[in-house]
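Start counting the sequence shown at 9; every next residue gets the next number (the numbering used here).
Glycine is no exception: its CB is placed at the ideal position from the N, C-alpha and C atoms.
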Amino acid sequence: MSDLRSGLGEAVGAAFAALGLPAELGRVTPSDRPDLADFQCNGALAAAKAAKRNPREIATAVAAALEGHPMIASVEVAGPGFINFKAAAPALSDRANALTVDSRIGVCPADPARRVLVDYGGPNVAKEMHVGHLRASIIGESIKRICRFRGDETVGDAHFGDWGFQMGLLIVACCDADPAIAAALDLLLTEPESWSGDDEAGIEADFAARISLADLDRLYPAAAGRAKTDTEFRDRARRATAELQSGRFGYRLIWRHFARITRAALERDFHALGVDFDLWRGESDVDGLIPEMVAELDDKGLLIEDQGARIIRVAKNEDRREVPPLLVVSSEGSAMYGTTDLATILDRKRFFDPDLILYVVDQRQADHFETVFRAAYLAGYAAEGALEHIGFGTMNGPDGKPFKTREGGVLKLRDLIDMASEKARERLREAGLGAELPPEDFEATALQVAVAALKFADLVNFRGTSYVFDLDRFSSFEGKTGPYLLYQAVRVKSLLRRAAGEGVASGPILVGETAERDLVLLLDAFDHAVAEAYDKRAPNLIADHAFRLAQAFAKFYAACPVLISAGETRASRLSLAALTLRQLELALDLLGISTPERM
Ligand code: ARG
Numbered sequence: 009m010s011d012l013r014s015g016l017g018e019a020v021g022a023a024f025a026a027l028g029l030p031a032e033l034g035r036v037t038p039s040d041r042p043d044l045a046d047f048q049c050n051g052a053l054a055a056a057k058a059a060k061r062n063p064r065e066i067a068t069a070v071a072a073a074l075e076g077h078p079m080i081a082s083v084e085v086a087g088p089g090f091i092n093f094k095a096a097a098p099a100l101s102d103r104a105n106a107l108t109v110d111s112r113i114g115v116c117p118a119d120p121a122r123r124v125l126v127d128y129g130g131p132n133v134a135k136e137m138h139v140g141h142l143r144a145s146i147i148g149e150s151i152k153r154i155c156r157f158r159g160d161e162t163v164g165d166a167h168f169g170d171w172g173f174q175m176g177l178l179i180v181a182c183c184d185a186d187p188a189i190a191a192a193l194d195l196l197l198t199e200p201e202s203w204s205g206d207d208e209a210g211i212e213a214d215f216a217a218r219i220s221l222a223d224l225d226r227l228y229p230a231a232a233g234r235a236k237t238d239t240e241f242r243d244r245a246r247r248a249t250a251e252l253q254s255g256r257f258g259y260r261l262i263w264r265h266f267a268r269i270t271r272a273a274l275e276r277d278f279h280a281l282g283v284d285f286d287l288w289r290g291e292s293d294v295d296g297l298i299p300e301m302v303a304e305l306d307d308k309g310l311l312i313e314d315q316g317a318r319i320i321r322v323a324k325n326e327d328r329r330e331v332p333p334l335l336v337v338s339s340e341g342s343a344m345y346g347t348t349d350l351a352t353i354l355d356r357k358r359f360f361d362p363d364l365i366l367y368v369v370d371q372r373q374a375d376h377f378e379t380v381f382r383a384a385y386l387a388g389y390a391a392e393g394a395l396e397h398i399g400f401g402t403m404n405g406p407d408g409k410p411f412k413t414r415e416g417g418v419l420k421l422r423d424l425i426d427m428a429s430e431k432a433r434e435r436l437r438e439a440g441l442g443a444e445l446p447p448e449d450f451e452a453t454a455l456q457v458a459v460a461a462l463k464f465a466d467l468v469n470f471r472g473t474s475y476v477f478d479l480d481r482f483s484s485f486e487g488k489t490g491p492y493l494l495y496q497a498v499r500v501k502s503l504l505r506r507a508a509g510e511g512v513a514s515g516p517i518l519v520g521e522t523a524e525r526d527l528v529l530l531l532d533a534f535d536h537a538v539a540e541a542y543d544k545r546a547p548n549l550i551a552d553h554a555f556r557l558a559q560a561f562a563k564f565y566a567a568c569p570v571l572i573s574a575g576e577t578r579a580s581r582l583s584l585a586a587l588t589l590r591q592l593e594l595a596l597d598l599l600g601i602s603t604p605e606r607m
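Spelled out as structure tokens, the structure:
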């Protein structure tokens with residue numbers, strides 16, 4: 009089903025063609041002057057330039073040819089040769105009615121559909137999440153949903169950071185903190201063969217009893233700090249990392265415990281934020297692939313010895329900045345962050361064979377990805393252009409630096425959600441909302457408002473832009489905020505409930521009033537917004553659409569009484585409200601935001 013914009017574009021293109029001019033000139037866009045027109049076409053200006061003719065003359069001829077077209081109520085030439093259109097009410101009504109019966113509410117599927125893997129979130133074992141992870145999760149979730157809704161076979165992977173030096177640090181920190189753990193690990197080293205599967209479970213239960221997530225949260229920062237100055241400690245941690253990676257049994261068990269408890273907590277918090285990964289593959293999952301990969305890279309002649317390390321040079325003559333080589337094997341023989349990323353590409357090729365991998369990761373890792381991507385192309389692990397870094401700016405504090413808590417630490421996801429929920433409760437009470445809800449529903453609603461506030465405030469900016477964290481503003485029910493959108497959606501829901509209660513039936517949409525026209529024009533523009541958001545990996549375009557739609561609904565609701573009108577008008581307005589709600593909820597869902605039933 010095509011939108012009015014492209015339908016009209018075709019008609020205008022045909023009019024150009026009839027004058028012997030290229031049909032592409034008929035491209036139509038929403039009017040820059042919505043007070044004067046709905047759509048405009050600037051093609052006459054380009055045509056005149058090419059043909060050295062007067063643009064107004066061409067525009068007038070095109071306009072004349074379109075006079076009386078069923079989609080057009082009026083066509084006028086303005087300024088040097090712009091053609092302005094007002095859409096005909098029956099065409100608007102038809103389009104609205106078609107959207108009503110369309111399960112995709114106007115969004116055309118991508119053609120061709122692709123296989124897309126979205127790598128996002130990127131949380132780590134023990135290391136706390138910072139705002140970069142928060143933004144990666146919010147933006148990545150939305151991009152994943154947009155691709156999926158457009159019809160791509162889409163998989164979202166958390167790419168869990170469970171394999172680096174931080175693991176060795178944690179192991180030695182736990183040993184130092186609890187001699188019983190050190191003793192158990194020693195024992196497991198000397199007599200690994202005497203441990204049966206049951207014992208394994210017993211040992212893990214013992215670890216579980218001794219080491220909680222709170223312990224890790226406390227031990228890790230201290231260990232990371234200590235490793236900076238204490239070389240003996242650092243060396244032990246390095247050794248522990250190497251032993252873990254080469255398969256030391258006891259270390260594997262304790263590491264599995266670290267990963268398990270961190271992941272469980274992370275999954276719970278991410279879920280509260282409306283972020284759910286399809287896969288939680290870890291960096292560790294490709295560890296077994298690395299020797300094979302290194303041998304293959306060597307066979308392909310890509311590895312170069314460099315001061316005891318093995319690297320792949322990826323710089324090109326035409327580079328305008330220095331692109332560092334990929335460090336594949338360090339001089340100590342370990343695999344590095346980039347090695348894991350390269351092996352992960354190979355792994356993904358094997359289990360999913362993606363057409364596209366989108367890495368939704370902090371802009372500050374741009375160089376890392378440029379290097380990894382080039383290496384992957386050289387190795388033939390991905391087709392040129394199939395790897396894309398979707399970078400983003402930072403969420404800043406009032407000081408303009410990446411957001412930190414008042415104590416100067418990174419804000420934990422759980423604390424952020426709690427903080428935003430508290431603010432949401434406050435706002436709901438202030439606005440006199442949710443008072444009739446049972447306590448558990450009030451809580452659930454507050455969480456939805458909080459999540460909408462955080463996510464919308466993030467997604468409404470183009471991802472490359474940094475923004476300042478301002479919970480007060482994000483949580484307001486007024487302005488361009490998530491809570492405002494939820495509020496408008498809930499208003500429609502309550503209208504529909506009342507209509508159902510009064511037995512009012514809906515019927516065909518008949519566009520009449522200006523507010524109805526404006527609303528339908530926006531409903532019509534959704535397909536274009538989603539397609540652009542998809543092409544540019546830019547959820548902000550959908551955020552923008554959702555906001556404008558909510559605003560247009562508010563105007564419509566103020567200008568066009570629904571329940572107190574009668575007959576066909578009432579039935580039409582009810583349908584229009586229901587259609588708006590469906591599209592608004594879909595747009596919000598593509599942003600990863602869900603709406604409450606009541607407030
Ligand atoms: N865990 C990494 C970090 O905290 C982010 C992972 C991003 N994804 C990737 N494929 N490298 O910085």
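> What separation, rounded to the nearest whole angstrom, lies between the Cα atoms of residue 546 and residue 162?
Replying inline: 17 angstroms
>> Determine whether the beta carbon atoms of residue 385 and residue 392 lie at a separation below 8 angstroms.
In response: yes
> Do you know whose CA, among 383, 34, 223, lies nearest residue 89's CA?
Replying inline: 34
> Using a threshold of 7 angstroms, is the CB atom of residue 148 nearer than that to any non-hydrogen atom of ligand 1?
Replying inline: no
>> For a test of the three-state rule: what should DSSP assign to residue 229, helix, strand or coil?
In response: helix
> Is it the case that the CB of residue 169 approaches a heavy atom of ligand 1 more closely than 7 angstroms?
Replying inline: yes
> Taking the C-alpha atoms as reference points, what is the distance between residue 543 and residue 552?
Replying inline: 16 angstroms
> Is residue 521 near residue 567, with beta carbons less than 8 angstroms apart?
Replying inline: yes
>> Less than 8 angstroms between the beta carbons of residue 588 and residue 494, yes or no?
In response: no
>> Can you look up residue 376 in the DSSP assignment and give me helix, strand or coil?
In response: helix
>> According to DSSP, simplified to helix, strand and coil, what is residue 82?
In response: strand
> Exposed or buried, residue 44, counting other C-beta atoms within 10 Å across all chains shown (16 or more means buried)?
Replying inline: exposed
> Can you round the beta-carbon distance between residue 55 and residue 24 to whole angstroms, since I take them to be within the 8 angstroms contact cut?
Replying inline: 7 angstroms
>> Here's the rule: buried if 16 or more other CB atoms are within 10 angstroms of the residue's CB, otherwise exposed. What is residue 222?
In response: exposed
> In the DSSP assignment, what residue or residues form a beta bridge with residue 314?
Replying inline: 317
> Between residue 352 and ligand 1, is the CB less than 7 angstroms from at least one heavy atom?
Replying inline: yes
>> Cutting at 8 angstroms between CB atoms, please list the residues of its own chain near residue 267, excluding the five before and the five after it.
In response: 133, 168, 170, 290, 292
> What number of angstroms, rounded off, separates the C-alpha of residue 244 from the C-alpha of residue 465?
Replying inline: 44 angstroms
>> When you measure from the CB of residue 283 to every non-hydrogen atom of ligand 1, does any distance come out below 7 angstroms?
In response: no
>> Extract the residue ranges of the alpha helix (DSSP H) inside the stretch 435-517, only unbroken runs of 4 or more that lie entirely within it.
In response: 447-467, 479-482, 490-509
>> Here's a check: name, in chain order, each residue in its chain whose Cβ is nearer than 7 angstroms to the Cβ of residue 105, leaving out the five neighbours to either side.
In response: 516, 517
> Of the choices 60, 101, 192, 247, whose alpha-carbon is the least far from that of residue 340?
Replying inline: 247
> Expressed to the nearest angstrom, what Euclidean distance is found between the alpha-carbon atoms of residue 330 and residue 242?
Replying inline: 31 angstroms
> Among the residues of its own chain, which have a CB less than 6 angstroms from the CB of residue 507, if the five just before and after it don't count?
Replying inline: 582
>> Between which two residues does the beta strand (DSSP E) holding residue 49 run?
In response: 47-49
> At what residues does the alpha helix (DSSP H) containing residue 267 begin and finish?
Replying inline: 257-280
> Is residue 469 near ligand 1, going by C-beta to nearest heavy atom under 7 angstroms?
Replying inline: no
>> Could you check if residue 132 belongs to the surroundings of ligand 1, using beta carbon to heavy atom distance under 7 angstroms?
In response: yes
>> For residue 64 and residue 100, I'd like the C-alpha separation in whole angstroms.
In response: 28 angstroms
> Are the Cβ atoms of residue 523 and residue 563 separated by less than 8 angstroms?
Replying inline: yes
> Candidates 322, 239, 404: which alpha carbon is nearest residue 416's?
Replying inline: 404
>> Which runs of the alpha helix (DSSP H) at least 4 residues long sit entirely within the stretch 326-369? Give them in chain order.
In response: 345-359
> Comparing the CB of residue 369 with every heavy atom of ligand 1, is any distance shorter than 7 angstroms?
Replying inline: yes
>> If you follow the beta strand (DSSP E) that residue 92 is in, where does it begin and where does it stop?
In response: 90-95
>> ligand 1 and residue 526: does any heavy atom of the ligand fall closer than 7 angstroms to the residue's C-beta?
In response: no
> With distances taken from CA atoms, which of 60, 74, 555, 333 is nearest residue 18?
Replying inline: 74
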